[in-house]
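Chemist: Supplied in structure tokens, the structure appears directly below.
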Amino acid sequence: MRTSIFKNQDALAGLLFMGLGALGFVFALGYKFGTTIDMGPGYFPRILSLVLIGFGIITFVRGLRDCMPVEGGWAWLPLVLLSASLVLFGFLIERLGLVPALAALFFVSARAGHEFKALEVLALTAVMSVFAAAVFVWGLKLPYSLFAWNF
Amino acid sequence: MEILDQFMLGFGVALSLQNLAYCFLGVLLGTLIGVLPGVGPLVTISMLLPVTFGLPPVSAVIMLSGIYYGAQYGGSTTAILVNLPGETSSAVTCLDGYQMARRGRAGAALAIAALSSFVAGCIGTLLIVALGVPLAGWALRFGAEDYFALMVLGLVAASVLSHGDMIKALAMVVVGLLIGLVGTDVNSGVERYTFGLPELADGIGFTVLAVGIFAISEVVTNLEQKEAREVFTRNVGGLMPSWSDLKASFLPTLRGTAIGSFFGILPGTGPSISSFSSYMLEKKLAKDPSRFGQGAIEGVAAPEAANNAAAQTAFIPTLTLGIPGSATMALILGALIMNGVQPGPSVMTRNPELFWGVIASMFIGNALLVALNLPLVGLWVRLLSIPYRWLFPAIVMFCALGNYSLNNSAIDVYLCAAIGVLGYVLAKLKCPPAPLVLGYVLGPMMEENIRRALLLSEGDLSIFVKSPISLAFLTIALLLLVSMALPAIRRGKARVDQEEASAT
Chain P
1 MRTSIFKNQD
11 ALAGLLFMGL
21 GALGFVFALG
31 YKFGTTIDMG
41 PGYFPRILSL
51 VLIGFGIITF
61 VRGLRDCMPV
71 EGGWAWLPLV
81 LLSASLVLFG
91 FLIERLGLVP
101 ALAALFFVSA
111 RAGHEFKALE
121 VLALTAVMSV
131 FAAAVFVWGL
141 KLPYSLFAWN
151 F
Chain C
1001 MEILDQFMLG
1011 FGVALSLQNL
1021 AYCFLGVLLG
1031 TLIGVLPGVG
1041 PLVTISMLLP
1051 VTFGLPPVSA
1061 VIMLSGIYYG
1071 AQYGGSTTAI
1081 LVNLPGETSS
1091 AVTCLDGYQM
1101 ARRGRAGAAL
1111 AIAALSSFVA
1121 GCIGTLLIVA
1131 LGVPLAGWAL
1141 RFGAEDYFAL
1151 MVLGLVAASV
1161 LSHGDMIKAL
1171 AMVVVGLLIG
1181 LVGTDVNSGV
1191 ERYTFGLPEL
1201 ADGIGFTVLA
1211 VGIFAISEVV
1221 TNLEQKEARE
1231 VFTRNVGGLM
1241 PSWSDLKASF
1251 LPTLRGTAIG
1261 SFFGILPGTG
1271 PSISSFSSYM
1281 LEKKLAKDPS
1291 RFGQGAIEGV
1301 AAPEAANNAA
1311 AQTAFIPTLT
1321 LGIPGSATMA
1331 LILGALIMNG
1341 VQPGPSVMTR
1351 NPELFWGVIA
1361 SMFIGNALLV
1371 ALNLPLVGLW
1381 VRLLSIPYRW
1391 LFPAIVMFCA
1401 LGNYSLNNSA
1411 IDVYLCAAIG
1421 VLGYVLAKLK
1431 CPPAPLVLGY
1441 VLGPMMEENI
1451 RRALLLSEGD
1461 LSIFVKSPIS
1471 LAFLTIALLL
1481 LVSMALPAIR
1491 RGKARVDQEE
1501 ASAT
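Sequences listed follow chains P and C, in order. Note that the first sequence covers residues 1 to 151 in this note's numbering. Note that the second sequence covers residues 1001 to 1504 in this note's numbering.
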């Protein structure tokens, strides 16, 4: 059975490990290696990166041999929406305040579900905003303004 | 009796109003998420880690461990009533528990599950004391080289014994170790992998990593499938188990406890494999194995005892050696470090109120769970009707707010999103996340210990074989690795993995 390399579970994992290992190694070249008695900051990272590349090669080769495809589809849309909702939240909380940031988070992340009902999300936003304000702002006394305008 | 004094100290701590409240909150939340499928203890604990910041360490660990063992109780409730395991460790309970429910004996099944869980939880907690105290005393004599070897063994064992592919698990350990290196090197003051960002000088935050790797990628994985959850509440029937039920469950509960305690201590194994193994054992021991799958009460008592015992004994290496054996334990250890407790064998002598307070809270928590679970069963089942499309945005909110609140820094939230993407890709490629988190937690300690060991030995690597303790640990680690290369053992493990997968 031939599996395209882009669907080959282990080959992809191997490539990912090799890539991470190579990145780790290249950056660690900037840190002093030191000696075994007196290890520099570069000693541990460089060895680890090489080990990771080694595991990556083994995984890659096994992937070419076993040809196990990735199970199920990739949920790219939910992944992008959830990450975007986090980024939006981080961006907005310092500029518009807690409530608008939460509203953005709920409306963007809820899109990732299979059903999206605007009214439901609105209700959810309202309830959770009150909850978050009660717990984090009034309960834990964190210094967030509920609404703000800082640009 | 010194140990009685310690217990008194522990109960004194655990019975304070504040800690009782956190214990109650923990087991309540644990039951709640145990009931809700798709929301597990890993996700919940990572979400709540930021909230525990600033609590006294005792209260934080009391609450987090309550969530962990509470989830084992809650998971069985839905397994029995609606054939839906709230947690993977309760999957085996579905087999006979649901059959009992269909025969109108749901109440008896629930009661037996709760009782055997309670018995196992208490025995497991006693074991923490019985084994933990001498273990910590022994570990106090460890040198830096022994510690390094112990961590190597812990990481290797967690990768080899855990479900799935060993090479990928080991690679994930290394990724975790590398992520753990981000930040300022303690010895030289050099900033490693920070890319000039001042926010990274203290390293990637533990909660940022945990939330990204577990919570975000878990939510995305759940969203891959269409939501298909049937909800039906049925009549539970009488809660009182009959005398013959109790008698039939007695020995299976004890056997399940023994199996669970064993697997709980081992790194890489835990509640799931324990409940599965004890079910298999009961089936082998039974006079009439065909009753299993038809509502055999032993098939409920043994696995429930096993998963709760495992949940408790997993604390032994974590609390006494500072070496977590599973991802959840790594989270608990991370909570300790975050709150300023240096984990290791000295915790027991330096923070006795922490160790004994947590132990005492486990007895209280286990008792609370029985009280919470049985009378409130109807309420728990009704919670199943909450659709996931309401739950997951709320989870995302906790992730965002929690990470933001730690340093009031948006960078942490962005980083969490990025790690979430990495976590999802790794999960799709069947790379287990637990070894990564273990590596991340142990990484800095490993580097420090190997540096110290080699400094003392003047660069002589043979120090790792000269110390008998270190030699023993490294030999076991090597044997584990070699054994996995033997085809017979590898096939056997593949079969166990498969059977476990088909049972769930």
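Note that the Cβ used here is the ideal one computed from N, Cα and C, for glycine as well.
1) Under a three-way DSSP split, which group does Thr-1475 of chain C fall into?
2) Give me the Cα-Cα distance between Tyr-1022 of chain C and Trp-1390 of chain C, rounded to the nearest whole angstrom.
3) Ordered along the chain, which non-local residues of its own chain (more than five positions away) have a Cβ less than 6 Å from that of Val-137 of chain P?
4) On the CB-based measure, 16 or more other CB atoms within 10 Å of its CB, does Leu-1321 of chain C come out buried or exposed?
5) Cys-1416 of chain C touches chain P at which residues, Cβ-Cβ below 8 Å?
6) Can you tell which of P:Leu-16, P:Ala-110, P:Leu-82, P:Gly-21 has the C-alpha that lies nearest to the C-alpha of Ala-123 of chain P?
7) Can you pull the chain C residues whose beta carbon is under 9 Å from the beta carbon of Ser-49 of chain P, in chain order?
8) Taking Cβ to Cβ, would you say Leu-1177 of chain C is nearer than 9 Å to Tyr-1388 of chain C?
9) Let me know the secondary structure DSSP gives Pro-1375 of chain C once reduced to three states.
10) I believe Lys-1284 of chain C touches Trp-74 of chain P by the beta-carbon criterion, under 8 Å. Please report the beta-carbon distance rounded to the nearest angstrom.
11) In its own chain, which residues sit with a C-beta less than 6 Å from the C-beta of Leu-1135 of chain C, not counting the 5 before and 5 after it?
12) Enumerated in chain order, which unbroken segments of the alpha helix (DSSP H) with a length of 4 residues or greater are wholly contained in the region 1162-1194 of chain C?
13) Does the region 1468-1477 of chain C come close enough to the region 1359-1371 of chain C to have 3 or more Cβ pairs within less than 8 Å?
14) Which residues share a DSSP beta bridge with Tyr-8 of chain P?
15) Could I get the ranges of all uninterrupted beta strand (DSSP E) runs contained in the region 1003-1079 of chain C, with 3 residues as the minimum, in chain order?
16) Quick one: which chain P residues come within Cβ less than 7 Å of Arg-1192 of chain C?
17) Just to confirm before moving on: does the CB-CB distance between Ala-1410 of chain C and Phe-91 of chain P stay below 9 Å?
18) Determine whether the beta carbon atoms of Trp-1356 of chain C and Val-1039 of chain C lie at a separation below 9 Å.
19) In chain P, what lies closer than 7 Å to Tyr-1424 of chain C by C-beta?
20) Interface residues of chain C around Phe-136 of chain P at Cβ under 8 Å?
21) Ala-1106 of chain C and Leu-1126 of chain C - do their beta-carbons sit closer together than 9 Å?
22) Suppose you measure from the CA of Gly-1154 of chain C to the CA of Leu-1049 of chain C; what does that come to, to the nearest Å?
23) Compute the distance between the beta-carbons of Gly-1203 of chain C and Leu-1415 of chain C, then report whether it is under 9 Å.
24) Determine whether the beta carbon atoms of Gly-1587 of chain C and Ala-1360 of chain C lie at a separation below 9 Å.
25) Please report the Cβ distance between Ser-1275 of chain C and Ser-1089 of chain C, rounded to the nearest whole angstrom; I am assuming they are in contact, meaning their Cβ atoms lie under 8 Å.
26) Indicate whether at least one CB of chain P lies closer than 9 Å to the CB of Pro-1393 of chain C.
27) For the region 128-137 of chain P against the region 1391-1406 of chain C, do three or more pairs of beta-carbon atoms, one drawn from each stretch, fall closer than 8 Å, so that the two count as touching?
28) Buried or exposed for Asp-66 of chain P, please, with buried defined as at least 16 other CB atoms from any protein chain shown within 10 angstroms of its CB.
29) Under 9 Å, Cβ to Cβ, is there at least one residue of chain C near Arg-62 of chain P?
30) Give the DSSP-derived three-state secondary structure of Val-1231 of chain C in the structure shown.
31) Give the residues of chain C in contact with Met-56 of chain P, contact being defined as C-beta atoms less than 9 Å apart.
32) Should Thr-1269 of chain C and Ala-1302 of chain C be called a contact, given that it needs their Cβ atoms to be closer than 9 Å?
33) Is the CB-CB distance between Gly-21 of chain P and Leu-50 of chain P below 9 Å?
34) Let's test the definition: count the other Cβ atoms within 10 Å of the Cβ of Asp-1005 of chain C and tell me whether it reaches 16, buried, or not, exposed.
35) Among P:Ser-4, P:Glu-120, P:Asp-10, P:Gly-97, which one has its Cα closest to the Cα of Phe-107 of chain P?
36) Considering only the beta carbon of each residue, do Ala-1120 of chain C and Ala-1306 of chain C sit closer than 9 Å?
Modeler: From the atom records:
1) The count along the second sequence starts at 1 and reaches residue 1475 of chain C at position 475. DSSP places Thr-1475 of chain C in helix when its eight states are reduced to three.
2) One-based indexing of the second sequence puts residue 1022 of chain C at position 22. One-based indexing of the second sequence puts residue 1390 of chain C at position 390. C-alpha separation (whole angstroms): 26 Å.
3) What you label residue 137 of chain P is simply residue 137 of the first sequence in a count that begins at 1. Closer than 6 Å at Cβ, skipping near neighbours: Tyr-144.
4) Taking the first residue of the second sequence as position 1, residue 1321 of chain C is located at position 321. Counting Cβ neighbours within 10 Å, Leu-1321 of chain C comes out buried, since at least 16 surround it.
5) Start at 1 with the first residue of the second sequence, and residue 1416 of chain C comes out as number 416. Simply Leu-86.
6) The residue given as residue 123 of chain P occupies position 123 in the first sequence. Closest option to Ala-123 of chain P, Cα to Cα, is P:Ala-110.
7) Against the first sequence, residue 49 of chain P aligns to sequence position 49. Here the neighbours are Val-1174, Leu-1178.
8) For this step, residue 1177 of chain C is matched to residue 177 along the second sequence. For this step, residue 1388 of chain C is matched to residue 388 along the second sequence. No, the Cβ-Cβ distance between Leu-1177 of chain C and Tyr-1388 of chain C is not below 9 Å.
9) For the purposes of this step, residue 1375 of chain C is taken as the residue at position 375 of the second sequence. If DSSP states are grouped into helix, strand and coil, Pro-1375 of chain C belongs with coil.
10) Locating residue 1284 of chain C in the second sequence gives position 284, where the first residue counts as 1. Locating residue 74 of chain P in the first sequence gives position 74, where the first residue counts as 1. Between Trp-74 of chain P and Lys-1284 of chain C the Cβ distance is about 42 Å, and since that is not below 8 Å, they are no contact.
11) Within the second sequence, residue 1135 of chain C is the residue found at index 135, counting from 1. Result list for Leu-1135 of chain C: Thr-1320, in chain order.
12) 1166-1181
13) no
14) Within the first sequence, residue 8 of chain P is the residue found at index 8, counting from 1. Sequence inspection shows Asn at residue 8 of chain P; the Tyr mentioned does not correspond to that position. Asn-8 of chain P is bridged to P:Pro-69.
15) none
16) For the purposes of this step, residue 1192 of chain C is identified with residue 192 of the second sequence, where counting begins at 1. The answer, in chain order, is Tyr-31, Pro-41, Pro-45.
17) Residue 1410 of chain C sits at position 410 when you count from the first residue of the second sequence. Residue 91 of chain P sits at position 91 when you count from the first residue of the first sequence. Yes; because the gap between Cβ atoms is below 9 Å, this pair is in contact.
18) Here the question's residue 1356 of chain C lines up with position 356 in the second sequence. Here the question's residue 1039 of chain C lines up with position 39 in the second sequence. Result no, Cβ atoms of Trp-1356 of chain C and Val-1039 of chain C do not sit closer than 9 Å.
19) For this step, residue 1424 of chain C is matched to residue 424 along the second sequence. The answer, in chain order, is Leu-79.
20) Working through the first sequence from its first residue, we reach residue 136 of chain P at position 136. Per Cβ cutoff of 8 Å: Leu-1401, Ser-1405.
21) Taking the first residue of the second sequence as position 1, residue 1126 of chain C is located at position 126. Taking the first residue of the second sequence as position 1, residue 1106 of chain C is located at position 106. Cβ atoms of Leu-1126 of chain C and Ala-1106 of chain C: not closer than 9 Å.
22) The count along the second sequence starts at 1 and reaches residue 1154 of chain C at position 154. The count along the second sequence starts at 1 and reaches residue 1049 of chain C at position 49. Roughly 24 Å separates the two Cα atoms.
23) By 1-based counting over the second sequence, the position of residue 1203 of chain C is 203. By 1-based counting over the second sequence, the position of residue 1415 of chain C is 415. Cβ atoms of Gly-1203 of chain C and Leu-1415 of chain C: not closer than 9 Å.
24) With chain C running from 1001 to 1504 in the structure shown, residue 1587 of chain C is simply not present.
25) If you number the second sequence from 1, residue 1275 of chain C lands on position 275. If you number the second sequence from 1, residue 1089 of chain C lands on position 89. At roughly 5 Å, the Cβ-Cβ gap stays under 8 Å, so Ser-1275 of chain C and Ser-1089 of chain C are in contact.
26) Looking up residue 1393 of chain C in the second sequence gives position 393. Pro-1393 of chain C counts as touching chain P.
27) yes
28) What you label residue 66 of chain P is simply residue 66 of the first sequence in a count that begins at 1. The residue is exposed, with fewer than 16 neighbouring Cβ atoms inside 10 Å.
29) Here residue 62 of chain P corresponds to residue number 62 of the first sequence, with the count starting at 1. By this cut-off, Arg-62 of chain P is an interface position.
30) Position 231 of the second sequence, counted from the start, is the residue given in the question as residue 1231 of chain C. Since pLDDT at Val-1231 of chain C reaches only 47, below the 50 mark, its modelled position is unreliable, and no value is offered.
31) By one-based count along the first sequence, residue 56 of chain P stands at place 56. As written in the sequence, residue 56 of chain P is Gly, which differs from the Met given in the question. Going along chain C in sequence order, the residues near Gly-56 of chain P (Cβ under 9 Å) are Ala-1171.
32) As a working mapping, residue 1269 of chain C is identified with position 269 in the second sequence. As a working mapping, residue 1302 of chain C is identified with position 302 in the second sequence. No, the Cβ-Cβ distance between Thr-1269 of chain C and Ala-1302 of chain C is not below 9 Å.
33) Within the first sequence, residue 21 of chain P is the residue found at index 21, counting from 1. Within the first sequence, residue 50 of chain P is the residue found at index 50, counting from 1. In this structure, Leu-50 of chain P lies closer than 9 Å to Gly-21 of chain P by Cβ.
34) For the purposes of this step, residue 1005 of chain C is taken as residue 5 along the second sequence, with counting starting at 1. Its Cβ having fewer than 16 others within 10 Å, Asp-1005 of chain C is exposed.
35) If you number the first sequence from 1, residue 107 of chain P lands on position 107. Minimum Cα distance to Phe-107 of chain P is reached at P:Glu-120.
36) To locate residue 1120 of chain C, count along the second sequence from 1; it is residue 120. To locate residue 1306 of chain C, count along the second sequence from 1; it is residue 306. Their beta carbons are under 9 Å apart, which means Ala-1120 of chain C touches Ala-1306 of chain C by this criterion.
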